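Everything in the first sequence is counted per this note's numbering, starting at 48 for the first residue and increasing by one. C-beta: ideal position from N, C-alpha, C; glycine also. The model shown is predicted, which means the values in this text are computed figures rather than measured ones.
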Amino acid sequence: MDESIFTQYIQKRKQIIKNRNILQTTYIPEQLPHRNTQIDRIASIIAMALNGDRPSNIMVYGMTGTGKTAVLNYIGKELKKIDPEEQKCSYVYVNCEVVDTAYGILYNIVSQIMIDSQIPFTGWSFEKLYSELIIQLDKLDKVFIVVLDEIDHMVSKKGDMIFYYLVKINENLQNSKVSLVGISNNMKFGELLEPKAKSRLGEENLIFPPYTKEELEDILTERAKEALFDDVLDSSVIPYCAILAAKVNGDARVALNLLKTAADIAERNGESIVTDAEVKSAKNSIEFNVVSEGLKTLSQQSKIILMSIIKNVERGNAVMTTGEVYIMYKSISELLGTSALTQRRVTDLISELDMMGFINASIKSLGRAGRTKEIELSIAKDIVAVFKNDPIFKPLESNKVPTQTKLI
DNA sequence: TGTCCACTGGAAGGGAGGGCTT
DNA sequence: AAGCCCTCCCTTCCAGTGGACA
Numbered sequence: 048m049d050e051s052i053f054t055q056y057i058q059k060r061k062q063i064i065k066n067r068n069i070l071q072t073t074y075i076p077e078q079l080p081h082r083n084t085q086i087d088r089i090a091s092i093i094a095m096a097l098n099g100d101r102p103s104n105i106m107v108y109g110m111t112g113t114g115k116t117a118v119l120n121y122i123g124k125e126l127k128k129i130d131p132e133e134q135k136c137s138y139v140y141v142n143c144e145v146v147d148t149a150y151g152i153l154y155n156i157v158s159q160i161m162i163d164s165q166i167p168f169t170g171w172s173f174e175k176l177y178s179e180l181i182i183q184l185d186k187l188d189k190v191f192i193v194v195l196d197e198i199d200h201m202v203s204k205k206g207d208m209i210f211y212y213l214v215k216i217n218e219n220l221q222n223s224k225v226s227l228v229g230i231s232n233n234m235k236f237g238e239l240l241e242p243k244a245k246s247r248l249g250e251e252n253l254i255f256p257p258y259t260k261e262e263l264e265d266i267l268t269e270r271a272k273e274a275l276f277d278d279v280l281d282s283s284v285i286p287y288c289a290i291l292a293a294k295v296n297g298d299a300r301v302a303l304n305l306l307k308t309a310a311d312i313a314e315r316n317g318e319s320i321v322t323d324a325e326v327k328s329a330k331n332s333i334e335f336n337v338v339s340e341g342l343k344t345l346s347q348q349s350k351i352i353l354m355s356i357i358k359n360v361e362r363g364n365a366v367m368t369t370g371e372v373y374i375m376y377k378s379i380s381e382l383l384g385t386s387a388l389t390q391r392r393v394t395d396l397i398s399e400l401d402m403m404g405f406i407n408a409s410i411k412s413l414g415r416a417g418r419t420k421e422i423e424l425s426i427a428k429d430i431v432a433v434f435k436n437d438p439i440f441k442p443l444e445s446n447k448v449p450t451q452t453k454l455i
């Protein structure tokens with residue numbers, strides 16, 4: 048083989064990671080360590096679908112990275128093993144964070160069960176789509192296990208009437224049956240529902256506890272065995288990843304991501320083994336990427352609001368009120384030539400930035416000086432620097448942001 | 001004890017942009 | 001072409017609020 052600029056990288060790679068796919072959080076392994084209790088429980092409920100009966104609806108609770116989605120997808124895979132032609136039972140998975148409207152959820156279910164669905168992704172009335180769903184479900188004459196992941200995303204948006212419709216769908220079906228599995232990160236999800244929908248959706252309830260440090264170690268060890276070459280991990284790497292992830296609510300995704308990124312870094316640097324140093328770098332690099340990627344996806348208006356907060360901080364105003372942010376926001380909007388939103392809308396966007404973790408905002412009463420939000424920036428300096436390079440802020444470089452502090 | 005500030009956050013509704021139906 | 005529906009983003013309106021101050 049001739050020498051090429053790529054030769055060195057090809058030779059350096061191949062040394063640590065055997066199969067990168069196995070370290071992905073979406074990968075479903077043959078065994079899910081420490082989730083047998085949950086798997087058995089769900090399987091015992093769902094099993095009756097294979098006899099043509101309707102299993103109880105199930106609500107699954109647990110924090111992120113506790114294996115809820117993995118367990119349900121594992122069960123879907125196992126169902127397919129025993130009923131490959133899906134003659135008795137079909138598994139339908141919908142992520143409510145991705146598909147976050149009532150119409151969208153129905154549309155998603157219909158398009159999974161129909162081979163060539165002609166239904167438009169918008170345009171029909173909800174009722175019409177619901178009737179069509181019933182017709183299509185009934186035609187197939189079997190039991191459908193419909194998994195609604197991240198179901199808590201639907202409650203706050205006025206879309207929770209979807210649950211009312213889905214929960215009573217069996218009343219409209221002659222041949223088929225539908226069993227629902229809701230997955231929620233939020234333990235209080237049930238309380239937010241109407242009592243009627245709550246009791247019918249949670250005929251069975253299941254809680255996934257966070258993984259302990261030891262359990263995370265087992266999970267990582269299992270995956271590493273398959274995904275990595277032998278003897279490429281320093282003995283402290285897996286415990287270290289496990290400890291870091293255990294601090295984040297025992298999140299297995301965090302643990303896997305750390306291991307994968309650390310292995311990547313070691314490979315890139317041409318190391319023959321992964322050590323704690325790579326895990327440390329992995330931790331920093333993940334944090335940096337998550338935040339800066341998140342910032343990129345903000346709408347233009349949210350970016351301007353965040354910029355207003357940054358400008359306030361740069362002026363030495365580390366803790367500011369909504370009013371102060373709004374004044375700055377108006378000046379920046381003017382300089383950028385974009386039309387400014389109302390303060391009402393801006394308060395909503397500030398709350399969103401807070402929820403996404405880019406800022407910290409808490410309501411504070413200043414007595415006679417009124418009641419407002421106290422806002423602080425909570426992203427690291429190096430990320431702020433990257434954010435400020437966004438092309439939409441180009442005009443700010445040549446213009447000075449005014450120092451006006453009162454609304455006129 | 002009542003007042004009053006600077007908002008907060010709910011409700012209702014407008015309108016643009018996606019689409020279907022007749 | 002006209003009449004609908006759905007979602008998203010936004011505005012307008014307004015009642016509600018915690019606590020310093022008179």
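Residue j beta carbon less than 9 Å from that of residue i
| i | j | result |
| --- | --- | --- |
| residue 156 | residue 145 | no |
| residue 357 | residue 424 | yes |
| residue 252 | residue 109 | no |
| residue 195 | residue 229 | yes |
| residue 369 | residue 338 | no |
| residue 267 | residue 288 | yes |
| residue 191 | residue 223 | yes |
| residue 111 | residue 298 | yes |
| residue 69 | residue 79 | no |
| residue 198 | residue 136 | no |
| residue 113 | residue 258 | yes |
| residue 430 | residue 342 | yes |
| residue 279 | residue 329 | no |
| residue 366 | residue 410 | no |
| residue 355 | residue 333 | no |
| residue 133 | residue 186 | no |
| residue 388 | residue 348 | yes |
| residue 147 | residue 234 | no |
| residue 281 | residue 321 | yes |
Buried/exposed call for residue i, threshold 16 Cβ in 10 Å
| i | result |
| --- | --- |
| residue 264 | buried |
| residue 413 | exposed |
| residue 221 | exposed |
| residue 169 | exposed |
| residue 311 | buried |
| residue 441 | exposed |
| residue 175 | exposed |
| residue 14 | In this structure the chain extends from 48 to 455, so residue 14 is not present and cannot be described. |
| residue 316 | exposed |
| residue 436 | exposed |
| residue 247 | buried |
| residue 352 | buried |
Straight-line Cα distance separating residue j from residue i
| i | j | result |
| --- | --- | --- |
| residue 105 | residue 162 | 27 Å |
| residue 304 | residue 72 | 7 Å |
| residue 52 | residue 63 | 21 Å |
| residue 331 | residue 433 | 15 Å |
| residue 90 | residue 335 | 40 Å |
| residue 420 | residue 406 | 12 Å |
| residue 130 | residue 396 | 48 Å |
| residue 323 | residue 284 | 6 Å |
| residue 139 | residue 178 | 18 Å |
| residue 307 | residue 66 | 10 Å |
| residue 211 | residue 244 | 6 Å |
| residue 95 | residue 427 | 52 Å |
| residue 452 | residue 377 | Below a pLDDT of 50, predicted positions are generally treated as unreliable, and residue 452, at 47, falls in that range; the measurement from the model is reported next regardless. Approximately 11 Å between the Cα atoms of the pair. |
| residue 256 | residue 98 | 31 Å |
| residue 121 | residue 54 | 40 Å |
| residue 344 | residue 124 | 33 Å |
Coil, strand or helix - residue i by DSSP
| i | result |
| --- | --- |
| residue 158 | helix |
| residue 365 | coil |
| residue 434 | helix |
| residue 224 | strand |
| residue 143 | coil |
| residue 427 | coil |
| residue 63 | coil |
| residue 229 | strand |
| residue 328 | helix |
| residue 445 | helix |
| residue 265 | helix |
| residue 52 | coil |
| residue 95 | helix |
| residue 150 | helix |
| residue 201 | helix |
| residue 285 | helix |
| residue 420 | strand |
| residue 196 | strand |
(request) Starting from the N-terminal side, write out each stretch of the alpha helix (DSSP H) that is 4 residues or longer and does not extend beyond the segment 353-402. (result) 369-383, 390-402
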